[in-house]
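Residues 1 to 380 in the UniProt record's numbering are what the sequence shown spells out, letter by letter. Cβ atoms here follow ideal geometry from the backbone N, Cα and C, with glycine treated the same way. On a predicted model such as this, the values are computed, not experimentally measured, just so you know. Below: the structure, in structure tokens.
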Amino acid sequence: MQQEALEETEETRDMWEWQMEQQQVLTTQEHDLLEKQSIMSPVSVQCPYGLTRSNSNNRSSSACLLGELSRNASARRSQSPFSYQDDHDRVGVGISPSPGDARARSSTAVTESPLSELCQQLNDPEFVSAALLLFESTLVRCRSEINIFCRVYMQQMVLSGYSLVKTLMDMEPDTVFFRKVHASYALESRICSVLFRCFENDSFDDSGLMQILDQEARAIARLQDFFRLKGLDPEEALAMHSPTYDGAFHQFCANKSEEIAAMFSWTMVYRNAGERDRFMEAFLRAAKWVWMLHRLANSMNPPMQIIRVGRGMEIHPMYVEAVAIPAPSSSCPKCSSPKVEFMIMPGFIASKTVFKAKVYQHYTCKSAKDQLDPLGSLRR
Numbered sequence: 001m002q003q004e005a006l007e008e009t010e011e012t013r014d015m016w017e018w019q020m021e022q023q024q025v026l027t028t029q030e031h032d033l034l035e036k037q038s039i040m041s042p043v044s045v046q047c048p049y050g051l052t053r054s055n056s057n058n059r060s061s062s063a064c065l066l067g068e069l070s071r072n073a074s075a076r077r078s079q080s081p082f083s084y085q086d087d088h089d090r091v092g093v094g095i096s097p098s099p100g101d102a103r104a105r106s107s108t109a110v111t112e113s114p115l116s117e118l119c120q121q122l123n124d125p126e127f128v129s130a131a132l133l134l135f136e137s138t139l140v141r142c143r144s145e146i147n148i149f150c151r152v153y154m155q156q157m158v159l160s161g162y163s164l165v166k167t168l169m170d171m172e173p174d175t176v177f178f179r180k181v182h183a184s185y186a187l188e189s190r191i192c193s194v195l196f197r198c199f200e201n202d203s204f205d206d207s208g209l210m211q212i213l214d215q216e217a218r219a220i221a222r223l224q225d226f227f228r229l230k231g232l233d234p235e236e237a238l239a240m241h242s243p244t245y246d247g248a249f250h251q252f253c254a255n256k257s258e259e260i261a262a263m264f265s266w267t268m269v270y271r272n273a274g275e276r277d278r279f280m281e282a283f284l285r286a287a288k289w290v291w292m293l294h295r296l297a298n299s300m301n302p303p304m305q306i307i308r309v310g311r312g313m314e315i316h317p318m319y320v321e322a323v324a325i326p327a328p329s330s331s332c333p334k335c336s337s338p339k340v341e342f343m344i345m346p347g348f349i350a351s352k353t354v355f356k357a358k359v360y361q362h363y364t365c366k367s368a369k370d371q372l373d374p375l376g377s378l379r380r
């Protein structure tokens, strides 16, 4: 009994080390995107100030957010108009206005551009190229926040008395994991399946409603949604009776939190309000970046397509990336080609650009012995 407790402690410690390694990988990817941005040649992209809406009195409009970021960028006009550093040293965006737009902003009201002019700006090849880089950085940040939420979730599981590795492995009873720490991907997979469900719907819910029928007007509105939420903490967007309140985002968070709670049979125990607040903060930050990714995906014209793959499908290197690849000598002798064990996070397609889906690769088929002793075949 004491030996089992010691092994469980070691497994949990290995899991935390593994999680920190994964977070470092994502941080490095984000840094690489910053480097990529810094060496990009400057492009001229006009700010679509007509994105502003007239039905909000106090709420910060997209034009206001863009204007604030543009002021920060005015001192470095030689750089690309897309800047990936925001107030939290995270991924952001700033768009430099043209002189004509600057003159228009000097008046007390922003003059809306014709829809055709806005659409022309949004479909400009240089603007689209910069927008795709923004989407890529947002995708990396999104996965980073989901990774943090999964780690907080696992920490709360341990505090609630669960055997971490065993509980995670029970989520995928037919899977043989190459390493025990890879069982954390099972939790990430389930969390992502909830957060990205209905992503292909404009409404991002089960109704499947297309809330704005005109495709070009819808793209403009979704870009505005992205910029509005980008400058807010999730709590600000959820504060009812506040000028920053976002009812659609509130409903999204409520739906997803209920789905996650219903998906697992575990009983989470919070010893104090601090633990509960930490859990909810991690969830809301993950939900915010998934929501923003959805808004940005639907600001493309046409909208991005989502890539989902299932168990047993062959791994197509153009559309799918395995997070952990066993050595050829360790591959399953019964399978002729690499196959998907389960999807971790979906991918996306925009025009000719592919953001690959993340999957856990099939390692080996489970033997009768493994079914009796599921931990026996694992490697450290």
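{"Check": "Short Cβ contact (8 Å threshold) for leucine 164 with methionine 157", "Outcome": "yes"}
{"Check": "Segment contact flag, the region 278–287 with the region 306–323, C-beta cutoff 8 Å, min 3 pairs", "Outcome": "no"}
{"Check": "Candidates Ala217, Phe355, Phe226 and Lys288: closest to glutamine 251 by CA position", "Outcome": "Lys288"}
{"Check": "Candidates Cys142, Gln23, Val194 and Leu133, of which the one nearest phenylalanine 264 by Cα", "Outcome": "Val194"}
{"Check": "Cβ shell of serine 144 (< 6 Å), same chain only, five flanking positions each side left out", "Outcome": "Leu26"}
{"Check": "Beta bridge counterpart(s) of glutamate 172 as assigned by DSSP", "Outcome": "DSSP, once it has assigned bridges, lists no residue as partnering glutamate 172."}
{"Check": "Residue from Leu213, Met318, Cys198 and Pro338 whose Cα sits closest to the Cα of serine 207", "Outcome": "Cys198"}
{"Check": "Nearest neighbour of lysine 256, chosen from Val290, Asn272, Ala322 and Ser337 [CA to CA]", "Outcome": "Val290"}
{"Check": "Unbroken beta strand (DSSP E) run spanning glutamine 361, endpoints", "Outcome": "357–361"}
{"Check": "Alpha-carbon spacing of glutamate 188 relative to tyrosine 162, whole angstroms", "Outcome": "17 Å"}
{"Check": "For valine 320, the first and last residue of its enclosing beta strand (DSSP E)", "Outcome": "320–322"}
{"Check": "Expected contact under 8 Å - CB spacing of lysine 352 and valine 320 to nearest Å", "Outcome": "About 17 Å; that fails the 8 Å criterion."}
{"Check": "In chain order, each alpha helix (DSSP H) run of at least 4 residues that lies wholly inside the region 164–218", "Outcome": "164–169 and 184–195"}
{"Check": "Whole-angstrom distance between glutamine 211 and alanine 217, CA atom to CA atom", "Outcome": "11 Å"}
{"Check": "Burial state of leucine 213 (16 or more Cβ within 10 Å)", "Outcome": "exposed"}
{"Check": "Meets three-Cβ-pair contact criterion under 8 Å: the region 168–182 and the region 6–24", "Outcome": "yes"}
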